[in-house]
Every structure is written in structure tokens, then in C-alpha cells.
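Protein chains in written order, with my numbering: chain X, 719 to 857; chain E, 1128 to 1437; chain W, 76 to 218; chain H, 19 to 378.
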């Protein structure tokens, strides 16, 4: 019974934390678009949190560059369990168009266990909401 | 038998359980009103409950160098103070304990959680926590006095320090808000400062210092701190409604509780409107606002209340 | 500032005849040696401030490193400085023109050119633990 | 009092993209600031050397999401100058139309980010809601909200039909109506003025010393606007008014940008009303003749310079892009010391930093 209640709580109140580890900020502004009136993620309970300690879902945009590898790992370690990682945009999934650059390590799944890949360059706000909803059903 | 009824009252109806649910409801009203005013749809009704349940289920990490027992004790202490204050404030026209001078006890109990928040901030050695803790203390020093001045004005005006008596005096539309509008304004701003709501939320300004004193807290502790804020809002709003808007004045006899509920909702929506209309004040502007405008206004109101009271 | 005025100022600073070319983008290109660079840039300053340095481009041509200082003085001007293979040091503009600070650090990152007199040539864009040689330095660098 | 170092580290709610700002703070006063960038450096200039010119357009578009069209415009213009191509007037007009639409969307986005930084969430919501209409127009024309893919070397890939033009004009009129709330905000709203007036002041000497460009410079009295100084594309036959203020604080920057949005609205209407007829592109050769070219355009944040050098093959020998955010970052180091910690958010957000542009 408690387990079902906790699961309901986690599904209904996913707090996200956003970190751009090397992307072109196209996906970042689309992610922020999700909070604005037209798409309004708050009706799904999604809030953008300020501190890694308060967040459940780490939304990563952009390929992991050499310089932002350590900050990304540190943020992931600060987040309390249960936590999920969402790779937003083609370059977060597979380093997309920036493949082969000397300063790019690769997609986010090189470093963190990614639970959801959202394609698109940049991905549309509807795609972000739909995929977050998919992730919530998987919890 | 009487003990069971008393216990039930404390735990169930006007007591802890009721205050927590009302806290969740008022938090929803606040977020929904803010969202609607910003052209958004806003969260569903069960959202605060979902947030609470999720936070309770999360892993509770504590940063190295923080004192574990203090970190665990503080939220419980703060919640205890707020719930006790909740018992004193009338819900509808009935409060669990009512005695002469319970107004001052409520104000005292309402101010303890902010001190606990300050200590929680300083307990964890991370930068944002300490900065947030300092700002919480500065805000506490700036906004306790206006709130007390604002709440004391009707008591002095009616020469009576018991909340129930004050409520009885306001029967039939001569609310203290109409008699002492200045006091109402000072008390409302004092309440906004105490609850760290948006125009005066520098202690946990999202853009400057993340989540302020609570940045490093997660899981159960964070859930308790959020609960403290919600219940504080309930107690604050109830107090303002009881003292200034006449609570459940029995002018309409049977409908008293409905009038009380409507006033609480309208007041919370008013707080949400203030939250939507203004940008955040800087820390020194907060202190400036309090000492340069609110406290003099509060004192003037007090003198006025003494002069025209009686 | 029109073309002739620029030519007179630069020639007076450089002290020798300067040959002007116009690149396809419409910019005037003037070749300079590293020594005359600082004096030339100082000469371009007007009364209300130093010349507007738009950018510093750096690339490798054969074994030499070429630096292009792009200015905007009402019309585009580019000073082209070639530093030969061995001695890839160029006098830094940063003391006299703060705008050049990060552009020089970036040129140092990308091509390893040392700017003599630059306050702090720490890596600007590359991560501190960047192992290899400057990425754009040689012809056949990292794939 | 103790001096502590407050990190506004790579991850912080104030900044959307990673930048490492270390503030030395005593009490509530900032004494010194150190800025570290490069977290979003993807080595694009190196990558462009390994792609053909046509593929380069797609890469250059991903340098920065907010001003993607500005980058492709500059890159294509540079190669067109290099290959001595004659771009048809209709392509120039459509290219300029999207440049102005992108300026409106970038400034509205910035206004929302600044409002959120000073705690005015309502304006963040309103600004981004109004911005959706501009994105709708761009999506109708090019199919993409952010990365439009309209520019190709030699012209433009998408056409603006009469029906799209009518729709766009209707939306722009509606937007002009809604801009009144932001003009009131920037002119008269007391709580906004209290947080932005006289804060983060930048003198004219700093602007000249650091070579600052764009609205930040125009708010401190500089008059450099590439659309007027060196007109390119369709700006040669358009009159571009520009807003220049002198105070140089965050409020002046807000006023300059709101004025620029209104000017861009009128420019878009002029362009839509009289789109010249003709072809959309000219044939562009695979191999560009040897040589080098430099072009400058006025991106939403200021002067964007592109340098392309070709060695006759179908891949560029060197591409260098200098983005307008770099000088603003350099000047930030002088603006931050002396500030109150509460104002750091307003100044950093007020400078409209685009790290993806700065790091390339």
C-alpha cells in the first residue's frame, strides 16, 4: 500500500533539474518553453527546481564536452534516489551533429544511466512533455 | 470521555490533521491563483499532497560536516510550534484553546520556525545555505515587528487580547479592517515577509542563492520544512481573518463557517495577486521597506488605535 | 575615418611604405610585422577611445602562423601579422587594448601562439586537462 | 567581516547555460569576480574544416539556438562574397525578414529571462507567451521553430507565400498591441525600475575599451549598428532606426531592446508588404575559388563577424566566428565588482549572455 502511494506521488510530482553540458541552447529554450503558458508543464506537476537536492529528473541537453564532464557527474551524485536522467535533443542522445569534435566526449549515456532519450534538434515542447509523460508511466 | 474528545480535537478537527489538509488546500489555491493570473492552467488539486508524499519517499542525504541530530530536530521543532499556534487560532468560530492573551502566544509561536530555519541554514557548511540563513535572519528581524504592530492594533483598539473576544466584537460588518485599514496593510506586509512570499522572498531567491537555507536538504527533512511553510501560511491567514475580517461572525448565524472559509480563500487569493504583481525586493530594500515605512506606519496606527479605541 | 586617413596614420606609425589590398569581403588588408603591430594599433586610436577591435583570427599557413586583427573604423580594416615557424611570439595588445584579452587567449588555445606581455594566458575555451597539442595548430591534427 | 567565495557555478538557476562565475563577497558586497567559460566549447571551427561548405551551413546553425539564423546568414554571405555569387533580391528580403523575426524572439526571450532573474515571474510568462507568436510565424515560413534551415549558400530554401505573409502581418499587429505591456513595464513599473535602475552601469570608455557591441553598447551611448554602418542583405533599401541611450544601466539595456523590438516589427511589416519578385537561389559551385572573406552582420546581441578562408577545395581551410557575447563577458568582470549580491542576478541576466555563441 505504501509502495503504491509513493509511486503515485512520484508520478504526479516530477521535479526537474536542467543542465546544459555542451549544447547549443536550442533545447534549453524549448525546455523553458514547456513551463510557459502555452504548454504549461505545471498541470502535470512538473516544476523546475533550483538545487540538485530537490530534483528527481535530471534533464541534460547537449553532448558532454570535456570541460563539463565533472560538473555533470557532481550534479548527478548530489541528486537523491530515486532519480532519472533524460537526454534531451539529438546531441544529448548521441552527440549528434558534433560527433568527431576533439572537445566532445559523446552522448550523455557515456557518463550517466539515461532512462529516456528525446530526439529532435531542437526537440519540440510537445515532444518534451510527451516523453516526460512516457517516463512517468515507466516509473 | 472528555479526554478522548479533547484528544480528538487536538489531533483531528481543528488540530493537526485539519491544519495540514488546510495547508495543502491553501497551497493549491495559491499556486492555482498565481498560474491563472499568469495565463497558465496551474496544478491539479492533489498536487501539494503528491509533492509531500514524493518528498517523504525520497532518499534523505545530509552533507558531510552538518550536525545530523540538529538537522533532524529543527524541522520537527518548527512544525510543533506552528501546529500549536494553529490550535490557538479559531477555525470558524471555535478554537481548541482560548484564553485571555492567546494573541501574544500565537505571535510568539509563529516566530520560532523562522529561527529554526535560520539555524537549519547555518547548520550545513555550504555557501548557499549560509547566505540563505543570514538573509532569513535579516528578514526575521525586519518583519517580526510590523506583523506584531499590525496584529496588536485591533487588540489595543478593542482593549482586549483574546482572539475570540476580538471576533465577537466584529459581528455585523464593522470589521477591524474597516476601522484600522493601515494596521491591516502593515500586518499583511508583515505576514508576507514572515512567510517569505515572492515580493519579499530574498532568503530563498531562486535566481540568486538557489533554495537558500534549504538547498542541501532533501527527502523527509525537506518535506517537513515544506509542511512548516504551508501550516504557517494557514495559521497566518486564519489569524488575519480572525483579527481583521471578523472570522466567522455569527451575523448570519447558521452560515458562519461558510463566511469564514470564503474570507480565507479570498485572502489567500489576495496574497497570490500580490505575489504576481511585483518583482523581488533586494535584501537591503527589504530591510529598508520594513524599518523606514512599515514600523512607523504600525506605530502611528497603534497610537491612532489607542486614541480612538475604548 | 576613410581609407586615406587610415593609410597616413599607419604609415606614420610604421615608418615605411604600406601596401593596401582589399579582400573580397570589402575589408582593407594591410601586412605588418609583429614589431610594428602595437604602434600601429595605438595610432588608430581616436579621441574618444581605442580602435574598435572586432576579432583576432589565427590560422596556420605552411609552417608559419598568421594572425589577422580585424578592426571596424567606419570601414573594415584587417592587420595581417605573420610570425615565422620557430618564434611564434607576438607582442600582446591587451595592456593597451583590453578588448584583445580573450581573443589572444583563444588564439593561444587554438594555435599555441604566445603573446608576450599578456596578463594571464590561461586556457579560455579548452578544458584544463586538455592533453594534446593546440587543436588547430598543425595541418594534420586531431581527426 | 569574513570574505567568502560565492560560486555561480556551471549549474545555477540564474544562468541557462554553464558559465563559472566566482564572486568574492564580503557581507552583501561583491569585491571581485572571476569568469570561466568553455563548458559549451564543441570545437566547431575545427569541425567545419572537415565538412563541405553545404554541410557547414547545418553546423553553423547549431552554434547557437537563439540566433541560429544570424549565424547561417553571416556564413552564407561570407561564402557568397568569396565565390562572387549574386544573391537574388527576393532571397535577401526573406533572409532579412527572418533576421528581424529572430531579433524580436531573442529580445522577448531575454526580457523573460531578466524578469525571472529579478523575481518577476509574471513578465517571464507574458514575454514568452507573446514570443510564441513569433515562433509560429517562423515555423510557418521555414518549418522549424528554432533551427530554421532557411539559408543555403546562394540564397534561401523556403518561399513566403502571400497567404503566409497575410498571416504573419496579422500576428505582428497583434504582437505590436501586446508590446504595450512591456513598454509600460520598462517605462513606469516601479518594482521593475527599483531592481534595474542605476545598476551594472557601463561607461562609454568601457564600451570602447572592451569593444562591446550590440544593445549593451547602444545602452551606453555607442552608435555601432552594422545594419546602418555596413548595410547587408535587404538593409540597403530599408531605413533602420536605432535606439541609443546614455545611462548604460540594466534599465537602459531593457529600454534599448524593447525599442529595437518595435523597430524590428516595423521592418518586418515593410518587408512583408513589398517582397520583391524573383528567384530564390542562384547556383552555388561545389568548389569555392581560393581566397578569404570577412563579413559582419548585426546579430540580436551585436556585431557578428565571420572569416572564411578557402584553399580552392570544397572544404573551407579556416572558418572563424567572433560572436558578440565575448566582449560583454570581458566587460562583466568590471561590472560585477562593487555590486550588491542581490543585483548580480540582474546584471548577469541583463547582459544577455549566450554561452553557446561565446564558446562555439
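Even glycine gets a Cβ: it sits at the ideal position worked out from N, Cα and C. Treat the numbers as computed from the prediction; the structure is a model and nothing was measured.
- By the 16-neighbour rule on beta-carbons within 10 angstroms, residue 195 of chain H is exposed.
- By the Cβ-count criterion, residue 856 of chain X is exposed, with fewer than 16 other Cβ atoms from all chains shown falling within 10 Å of its own Cβ.
- Under the three-state reduction of DSSP, residue 265 of chain H is assigned to coil, being neither helix nor strand.
- Around the beta carbon of residue 78 of chain W, fewer than 16 other beta carbons sit within 10 angstroms, so the residue counts as exposed.
- DSSP places residue 86 of chain W inside the alpha helix (DSSP H), whose first and last residues are 78-89.
- According to the DSSP secondary-structure assignment, residue 311 of chain H is paired through a beta bridge with H:326.
- When the five nearest sequence neighbours on each side are left out, the beta carbons in the same chain lying within less than 7 Å of the beta carbon of residue 759 of chain X are those of 752, 753, 847, in order along the chain.
- At a cut-off of 8 Å between beta carbons, residue 59 of chain H contacts chain X.
- Check the Cα spacing between residue 1428 of chain E and each of E:1312, E:1164, E:1179: the tightest is with E:1312.
- Within chain H, not a single residue places a beta-carbon under 9 Å from that of residue 799 of chain X; the smallest gap is close to 19 Å.
- Within the segment 831-853 of chain X, no residue has its Cβ closer than 9 Å to any Cβ of chain E.
- Under the rule that a run must span 4 or more residues, the alpha helix (DSSP H) segments found entirely inside the segment 204-233 of chain H read 208-214, 222-228.
- Shown in chain order are the members of the segment 314-345 of chain H whose Cβ falls below 8 Å from a Cβ of chain W: 314, 321, 323, 325, 327, 335, 336, 338, 340, 344, 345.
- DSSP links residue 824 of chain X through a beta bridge to X:782.
- The three-state secondary structure of residue 70 of chain H, taken from DSSP, is coil.
- As the crow flies, the alpha-carbon of residue 335 of chain H is around 8 Å from that of residue 326 of chain H.
- Boundaries of the alpha helix (DSSP H) harbouring residue 177 of chain W: 175-186, taken from the DSSP string.
- DSSP places residue 25 of chain H inside the beta strand (DSSP E), whose first and last residues are 21-26.
- With fewer than 16 other Cβ atoms from the protein chains shown falling within 10 Å of its own Cβ, residue 91 of chain W counts as exposed.
- Scanning its chain for C-beta atoms nearer than 8 Å, with the 5 sequence neighbours on each side dropped, one finds around residue 801 of chain X the residues 773, 774, 775, 776, 794, in chain order.
- Contact between residue 318 of chain H and residue 124 of chain H holds: CB atoms are separated by about 4 Å, below the 8 Å threshold.
- Unbroken alpha helix (DSSP H) stretches of 4 residues or longer found wholly inside the segment 1330-1418 of chain E: 1333-1336, 1346-1371, 1383-1404, 1410-1415, given in chain order.
- Here residue 174 of chain H is actually not in contact with residue 97 of chain H; their C-beta atoms are around 14 Å apart, not less than 8 Å.
- At a Cβ-Cβ threshold of 8 Å, residue 1275 of chain E and residue 1234 of chain E count as neighbours.
- Taking residue 1272 of chain E as the centre and dropping the five residues before and after it, the same chain places the C-beta of 1422 closer than 6 Å to its C-beta, in chain order.
- For residue 1173 of chain E, no beta strand (DSSP E) segment is defined, and its DSSP state is neither H nor E.
- Around the beta carbon of residue 1318 of chain E, 16 or more other beta carbons lie within 10 angstroms, which makes this residue buried.
- Assignment of residue 170 of chain H by DSSP, reduced to helix, strand and coil, places it in the strand class.
- The alpha-carbon separation between residue 1240 of chain E and residue 1401 of chain E amounts to approximately 23 Å.
- If you look at residue 37 of chain H, you'll find it isn't in any beta strand (DSSP E); DSSP assigns it neither H nor E.
- Going by C-alpha positions, residue 377 of chain H is about 15 Å away from residue 337 of chain H.
- Under the 8 Å Cβ criterion, the segment 803-819 of chain X counts as touching the segment 838-846 of chain X, having at least three qualifying pairs.
- In this structure, the alpha-carbon of residue 282 of chain H lies about 15 Å from that of residue 148 of chain H.
- Taking residue 168 of chain H as reference, the option from H:114, H:22, H:131 with the minimal CA-CA separation is H:114.
- For residue 54 of chain H, the enclosing beta strand (DSSP E) covers residues 47-54.
- In summary, residue 87 of chain W is exposed, with fewer than 16 beta-carbon neighbours lying within 10 Å of its beta-carbon over all protein chains present.
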